[in-house]
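Below is one structure; the comments refer to it alone.
In the working numbering, the protein residues as written are 3 to 105.
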């Protein structure tokens, strides 16, 4: 996958570093929550049932996440400041504006 690939719809390049957790990369859990941060455009690919710990965090290329789960292609146009979630592996993605964090 390259930025010039007609199948690559994301505005971000395939090698953009994104956040995930090792439990997803190892196949122990699916991605069921995606955030596209409003402040810096960072992507986060997480699972809502896993208690997030920094020790579990990983940086991987965006294309690696898409290879791992092709349904993530559906989120290519997720705006900054939005999130998406689904209830299971073959379930549809739902989208909404992320709630602002309390300071």
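Idealized CB from N, CA, C, for every residue including glycine.
Keep in mind that this is a model prediction, so the values were computed, not measured.
Residue i, DSSP secondary structure in three states
i	result
residue 17	coil
residue 64	helix
residue 48	strand
residue 105	Any reading at residue 105 is ruled out, since the residue's pLDDT is 47, under 50, leaving its predicted position unreliable.
Endpoints, alpha helix (DSSP H) assigned at residue i
i	result
residue 24	24 to 27
Below-8 Å beta-carbon distance, residue i vs any chain B residue
i	result
residue 7	Here there is only one protein chain, and chain B is not present.
Contact belief for residue i with residue j at Cβ below 8 Å, rounded distance in angstroms
i	j	result
residue 23	residue 71	About 13 Å separates the two Cβ atoms, so there is no contact after all.
residue 20	residue 45	4 Å
residue 26	residue 47	7 Å
residue 88	residue 95	5 Å
Limits of the unbroken beta strand (DSSP E) element including residue i
i	result
residue 98	96 to 99
residue 38	35 to 38
residue 87	84 to 87
Validate contact between the segment 24 to 44 and the segment 81 to 88 using beta carbons, cut 8 Å, 3 pairs:
Look at the beta carbons and you see the segment 24 to 44 touching the segment 81 to 88: at least three pairs across the two are nearer than 8 Å.
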